[in-house]
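Accompanying notes for the structure given below.
There are 2 protein chains.
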Amino acid sequence: MGKPRYTRIKEHIIRRIDTSRWKAGDRVPSENALATEFGVSRMTARRALQELGEEGLLVRTQGLGSFVADARPMSSMLTVRSIDEEITARGHQHRAEVLLLEAVPAERTNALLLGLGEGAEIFHSILLHWENTLPLQYEERFVNPRFGPEYLSQDFTVTTPSHYLSSISPLTEADQSIEAVTVDSEIGRALQIKRGEPCLKLNRRTWCQRGIVNISTLIYPGSRYRIGGHLNF
Amino acid sequence: MGKPRYTRIKEHIIRRIDTSRWKAGDRVPSENALATEFGVSRMTARRALQELGEEGLLVRTQGLGSFVADARPMSSMLTVRSIDEEITARGHQHRAEVLLLEAVPAERTNALLLGLGEGAEIFHSILLHWENTLPLQYEERFVNPRFGPEYLSQDFTVTTPSHYLSSISPLTEADQSIEAVTVDSEIGRALQIKRGEPCLKLNRRTWCQRGIVNISTLIYPGSRYRIGGHLNF
DNA sequence: TGTCTATACTTGTATATACAAGTAGACTGT
DNA sequence: ACAGTCTACTTGTATATACAAGTATAGACA
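So the sequence lines, in the order shown, correspond to chains A and B.
Each residue of the first sequence is one higher than the one before, starting from 1 at the first, in this note's numbering.
Each residue of the second sequence is one higher than the one before, starting from 1 at the first, in this note's numbering.
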């Protein structure tokens, strides 16, 4: 029913920041000052300041005080969801077609990145993901057998590589990039697009604690897909 | 020097999750249980659990307990920085060329989105951003005069539209999308790319508390630019 | 069988208190 | 003039306590 009291204090401070009454760099009242002003204990006032600090609106330094943070820079984020979730969330039907599923010797690929020796085997898969009757994503992966030993025996018309890999080992990190490319005729045929049509290409490396789990490239036709994101500063 | 005690408890829990001793869905000990186990007060144990909840490793529900969260889905983020920061961060020279800077009547544009009446004026700018001797970004903006009244008199060879707008009014939200496109000959000539070369197109709408501040589209040649991001799950 | 209640547990909020640790400025003594 | 110290204020950590509120289960009762 009634909001907790520390939210009142937070709202009070946010209001003063939004209306520019307190500007970037200004000192906001101390925990004790807010406590007496609002008639609460210091720990309650503290909680308000602390959460605002975690949310990035304030910068707090021991011994000095709490200050209004600089306006956040325009840099922001784009989210990339798992393809099957995204399609089913739209109420459409997702189907995965396995174009290739094999073990290849390490020297033929970028296995060095995976931290394996020369002769080692590496798993390689190519899937095509359909939304209803149109192909939407061409997915190629190289998987480290250490972290996904049963990869080749999975039925990817039921699960997806992404689900399998994240169920096997807790993923801790990833880096990725996105670029605009044109694709060769083989991929273009699979995706049923015209020659020269621009595509989004998403390269991703995923890590668990002990090494790289997989390297994947996802390709979307530019005319059928956009990556979207909403962001609260 | 010595870490605070609640971090010990956090590390203890994280260890058990990372080594799969506690798996997704498992219940972790209650605040009171941890308190007696570690010989601390409940509020200290609570802090450990609470922070882990905020970090997404645990899901806490009142009355039930704290549970290990599902492995985070593969969805992740791509960061988009301000173009001038990015170029200068690479140690290169950034230069902005103003191709157009004007006020246009609202009906000619998507001014409805900006929440303005028919006859209102709207600011329109096109800039080309150079990295050393190569054009890297074609930037087109429609700006709401209410939130950037001095927009037309800015010298964008010194500042950037992004800097000006975020200095004027505190930006609270944005949504954006990215797609792969080919561009018309005018933009292609400006960017010095061949006909049909794929480009990344980034559409963004930025909001402050009281309405849409601006609508912008950024276009990068696919061969010269990729959006990158690193992520800790 | 089904429903309501009591109870035991959980997390959430709030207070009062104590001490630790970092910062700035004033005040000291040389 | 300068260096060191002391003080006042800040945030950080930790405890003990109390009550509120949500959940599930066991048991009483119709």
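Where a beta carbon is used, it is the ideal one built from N, C-alpha and C, also for glycine.
This structure is a prediction, so every number in the text was calculated from the model and none was measured.
Beta-carbon gap between Val143/B and Asn203/B smaller than 9 Å: As a working mapping, residue 143/B is identified with position 143 in the second sequence. As a working mapping, residue 203/B is identified with position 203 in the second sequence. The Cβ atoms of Val143/B and Asn203/B do not sit closer than 9 Å to each other.
Cβ neighbour criterion (16 or more within 10 Å) applied to Tyr33/A: Position 33 of the first sequence, counted from the first residue, corresponds to residue 33/A. First, the amino acid is wrong: residue 33/A is Ala here, not Tyr. Exposed: under 16 other Cβ atoms inside 10 Å.
Beta carbon of Leu99/B nearer than 9 Å to that of Phe123/B: Within the second sequence, the letter at position 99 stands for residue 99/B. Within the second sequence, the letter at position 123 stands for residue 123/B. The answer is no: Cβ separation not under 9 Å.
DSSP three-state assignment for Gln192/A, whether helix, strand or coil: Numbered from 1 along the first sequence, position 192 holds the residue referred to as residue 192/A. Coil at Gln192/A, not helix or strand.
C-alpha gap between Pro29/B and Met43/B, whole angstroms: Counting from one through the second sequence, the residue named residue 29/B turns up at place 29. Counting from one through the second sequence, the residue named residue 43/B turns up at place 43. Computed Cα separation, rounded: 14 Å.
Ser41/B vs Ala48/B beta-carbon contact at 9 Å: Here the question's residue 41/B lines up with position 41 in the second sequence. Here the question's residue 48/B lines up with position 48 in the second sequence. The answer is no: Cβ separation not under 9 Å.
Chain-order list of residues whose beta-carbon lies under 8 Å from that of Ala69/B (same chain, five-residue window excluded): Stepping through the second sequence from its first residue, residue 69/B is reached at position 69. Leaving aside the five residues that flank Ala69/B on each side, the residues in its chain whose CB is nearer than 8 Å to its CB run, in chain order, Ala24, Gly56, Leu57, Leu58, Val59.
Among Ala180/A, Leu191/A, Glu37/A, Thr19/A, nearest to Arg5/A - alpha-carbon criterion: Against the first sequence, residue 5/A aligns to sequence position 5. Looking only at Ala180/A, Leu191/A, Glu37/A, Thr19/A, the smallest Cα-Cα distance to Arg5/A is reached by Glu37/A.
Buried versus exposed call for Val119/B [16 or more other C-beta atoms within 10 Å across all chains shown]: Taking the second sequence and counting its residues from 1, one reaches residue 119/B at position 119. Looking at the sequence shown, residue 119/B is not Val but Gly. So Gly119/B counts as exposed.
Any non-hydrogen atom of the ligand NAD within 8 Å of Asp70/B CB: The ligand NAD is absent from the structure shown, which contains no ligands of any kind.
Interface residues of chain B facing Gly65/A [CB-CB closer than 7 Å]: The sequence position of residue 65/A within the first sequence is 65, counting from 1. Result: empty, since nearest Cβ-Cβ is about 21 Å, beyond 7 Å.
Where Asp243/A falls: helix, strand or coil (DSSP): Because residue 243/A is not part of the residues shown, which for chain A are 1 to 233, the question remains open.
Opening and closing residue of the alpha helix (DSSP H) in which Asp18/B lies: Walking along the second sequence from the start, residue 18/B turns up at place 18. For Asp18/B, the enclosing alpha helix (DSSP H) starts and ends at 5 to 18.
Short CB-CB distance (under 9 Å) between Leu200/B and chain A: Here residue 200/B is taken as the residue at index 200 of the second sequence, counted from 1. Among the CB atoms of chain A, one or more fall inside 9 Å of the CB of Leu200/B.
Nearest-angstrom Cβ-Cβ length linking Glu139/A and Ser216/A, presumed shorter than 8 Å: Here residue 139/A corresponds to residue number 139 of the first sequence, with the count starting at 1. Here residue 216/A corresponds to residue number 216 of the first sequence, with the count starting at 1. Rounded, the Cβ-Cβ distance is 7 Å, consistent with contact.
Close Cβ partners of Arg90/B (< 8 Å) along its chain, the five nearest in sequence each way excluded: Locating residue 90/B in the second sequence gives position 90, where the first residue counts as 1. Here the set comprises Glu131.
Residues within the region 174 to 189 of chain B neighbouring chain A, beta-carbon criterion of under 8 Å: Residues Ala174, Asp175, Gln176, Ser177, Ile178, Glu179, Ala180, Val181, Thr182.
Reference Thr159/B; option with closest CA among Val181/B, His129/B, Glu186/B: Within the second sequence, residue 159/B is the residue found at index 159, counting from 1. Taking Thr159/B as reference, the option from Val181/B, His129/B, Glu186/B with the minimal CA-CA separation is His129/B.
Contacts that Arg226/B makes with chain A (C-beta to C-beta distance below 7 Å): Within the second sequence, numbered from 1, the residue matching residue 226/B stands at position 226. The answer, in chain order, is Ser177, Ile178, Glu179.
Neighbouring residues, chain A, relative to Gly196/B (Cβ below 9 Å): Position 196 of the second sequence, counting from 1, holds the residue named residue 196/B. By Cβ distance, chain A contributes Thr182, Gly196, Pro198.
Helix, strand or coil at Lys135/B [DSSP, three-state]: Here the question's residue 135/B lines up with position 135 in the second sequence. Sequence check: residue 135/B is Pro here, not Lys. Correct three-state label for Pro135/B: strand.
Sequence ranges, beta strand (DSSP E) only - wholly within the region 20 to 93 of chain B, length at least 3: List check, beta strand (DSSP E) in window: 58 to 61, 65 to 68, 76 to 80.
Three-way DSSP call (helix, strand, coil) for Ala174/A in this model: Here residue 174/A is taken as the residue at index 174 of the first sequence, counted from 1. Assigned with DSSP and collapsed to three states, Ala174/A falls in strand.
Under 9 Å from the C-beta of Gly2/A: neighbouring residues of chain B: Looking up residue 2/A in the first sequence gives position 2. Those do not exist, as Gly2/A stays about 16 Å from chain B at its closest Cβ, beyond 9 Å.
Cα-Cα separation between Ser66/B and Pro198/A, rounded to whole angstroms: Taking the second sequence and counting its residues from 1, one reaches residue 66/B at position 66. Taking the first sequence and counting its residues from 1, one reaches residue 198/A at position 198. For Ser66/B and Pro198/A, the gap between their C-alpha atoms comes out near 47 Å.
Identity of the residues DSSP links to Ala106/A by a beta bridge: Within the first sequence, residue 106/A is the residue found at index 106, counting from 1. BP columns for Ala106/A are empty, so no partner.
Gly56/B: contacting residues in chain A (beta-carbon distance under 9 Å): Position 56 of the second sequence, counted from the start, is the residue given in the question as residue 56/B. None at all; the shortest Cβ gap to chain A is about 12 Å.
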